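Visitor: Residue 72 in the UniProt record's numbering sits at position 72 of the sequence shown, and the numbers go up by one each step.
No residue lacks a Cβ here, since even glycine has one placed at the ideal position from N, Cα and C.
Here the structure is a predicted model, which is why all the values come from computation and not from measurement.
This is the structure I have questions about; it appears just below.
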Amino acid sequence: MTFVSGRVKDEFVEGQTYHFSKYGVLEFEKTFSDVPNDHWAAPVIKQFAAKHIVEGTSQTLFSPEQPVTRAEFTALLVHLLGLNPEPSASFRDVSADKWYASPIATASQAGLVQGVEPDLFAPDRTITREQMAVLLVRAYELQTKRRATGNAISAFSDSKDMSAWAQEGVNAAYQFDLISGRSEGLMVPQGQANRAESVQAVYNLMNKLQLFP
Numbered sequence: 001m002t003f004v005s006g007r008v009k010d011e012f013v014e015g016q017t018y019h020f021s022k023y024g025v026l027e028f029e030k031t032f033s034d035v036p037n038d039h040w041a042a043p044v045i046k047q048f049a050a051k052h053i054v055e056g057t058s059q060t061l062f063s064p065e066q067p068v069t070r071a072e073f074t075a076l077l078v079h080l081l082g083l084n085p086e087p088s089a090s091f092r093d094v095s096a097d098k099w100y101a102s103p104i105a106t107a108s109q110a111g112l113v114q115g116v117e118p119d120l121f122a123p124d125r126t127i128t129r130e131q132m133a134v135l136l137v138r139a140y141e142l143q144t145k146r147r148a149t150g151n152a153i154s155a156f157s158d159s160k161d162m163s164a165w166a167q168e169g170v171n172a173a174y175q176f177d178l179i180s181g182r183s184e185g186l187m188v189p190q191g192q193a194n195r196a197e198s199v200q201a202v203y204n205l206m207n208k209l210q211l212f213p
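In C-alpha cells, the structure reads:
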C-alpha cells in the first residue's frame with residue numbers, strides 16, 4: 001500500500017497520482033503528547049504527520065523544540081519539492097552510504113544548498129534560522145523561476161546579528177510570509193531552528209507555491 005497525499009476541496013478529494021490503480025479515501029489523525037492543541041504549530045505538525053511527511057521522535061513524542069540539522073531540513077525540502085534524485089554529493093563529509101547523501105546531492109545540484117566551505121556541508125550541524133530562511137527563498141525561486149528580493153530595511157530589530165550573505169534572503173523570506181520572528185521584532189538569525197519551526201516554515205512555502213499538501 002502506498003500513501004498518496006490529497007485534500008478536500010469543494011466536497012471532492014483531490015490529489016496527484018502517478019499511475020492507474022485502485023485508490024481508497026482514508027482519514028488518518030496522528031497526535032503527539034508533547035504537541036497539545038493550543039501549541040502554535042499543532043495544526044501543521046498534525047497535518048504533516050498524518051500525511052507521513054514528518055515523523056515523531058517516538059510513537060508518542062514529536063519533540064517540537066528539538067534542533068533540526070542541515071541534512072534533515074535539506075531532505076525535507078527535497079522531498080516536498082519532488083526534485084529528481086542525484087546519487088551522491090561532492091562534499092567530503094557526506095558519505096555515499098549515509099541516508100542524507102542523495103537529498104544533499106539533489107539540493108546541491110539544484111542550487112538550493114551550499115557547503116559551509118567549498119567541500120564541506122556539515123550535515124549534522126544544526127541549521128540556523130537565517131540558513132533556513134535562505135533555503136526557503138532559494139526553493140521559492142527554483143519553483144517559480146523568479147528572483148525573490150527583500151526590502152533593504154530589515155523588519156527585525158536584531159538585523160545586526162544577521163550574516164551579511166543572509167540579510168537579503170531573510171528579508172525576502174519574511175516579506176513572502178515564509179518565516180516569522182520568534183518574538184516581537186526579533187528574528188534570532190543565529191538561533192537554532194527547531195522541529196516545529198521547520199515544519200511550519202516548509203508548510204508556508206508549500207502554501208505559497210500552492211503545492212500539495
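Strictly by DSSP, which residues pair up with Q192?
Guide: DSSP output for Q192 lists T128 as bridge partner(s).
Visitor: List the whole-angstrom C-beta distance separating V199 from V94, where the pair is believed to meet the contact cut-off of C-beta under 8 Å.
Guide: Their Cβ separation, rounded to whole angstroms, is 24 Å, which puts V199 and V94 out of contact at 8 Å.
Visitor: Less than 9 Å between the C-beta atoms of residue 235 and F156, yes or no?
Guide: The chain is shown only over 1 to 213; residue 235 falls outside these bounds and no answer can be derived.
Visitor: When the distance is taken between beta carbons, is A107 closer than 9 Å to L77?
Guide: Their beta carbons are under 9 Å apart, which means L77 touches A107 by this criterion.
Visitor: Short of 7 Å in beta carbon distance, which residues of its chain neighbour M132, apart from the five on each side in sequence? Order them along the chain.
Guide: So the qualifying residues of the chain are F73, A193, S198, A201.
Visitor: Just to confirm my understanding: we take D161, look at its own chain, exclude 5 residues before and 5 after, and list those with CB closer than 7 Å. What are they?
Guide: For D161, where only same-chain residues beyond five positions count, the Cβ hits under 7 Å are P189, Q190.
Visitor: Assuming Q167 is part of the alpha helix (DSSP H), what are its boundary residues?
Guide: Run containing Q167: 167-175, per the alpha helix (DSSP H) assignment.
Visitor: Thinking C-alpha only, which one of L205, L209, R195 is nearest A71?
Guide: If we check each option's Cα against that of A71, R195 comes out closest.
Visitor: Can you tell me where the alpha helix (DSSP H) holding P109 begins and where it ends?
Guide: Note that residue 109 corresponds to Gln in the displayed sequence, not to Pro. 101-110 is the extent of the alpha helix (DSSP H) around Q109.
Visitor: N171 and S183 - do their beta-carbons sit closer together than 9 Å?
Guide: No, the Cβ-Cβ distance between S183 and N171 is not below 9 Å.
Visitor: Excluding the five sequence neighbours on either side, which residues of its own chain have a C-beta within less than 8 Å of the C-beta of N204, listed in chain order?
Guide: L136, D177, L178, I179.
Visitor: Does the beta-carbon of L80 have 16 or more other beta-carbons within 10 angstroms, so that it is buried, or is it exposed?
Guide: Per the 10 Å Cβ criterion, buried.
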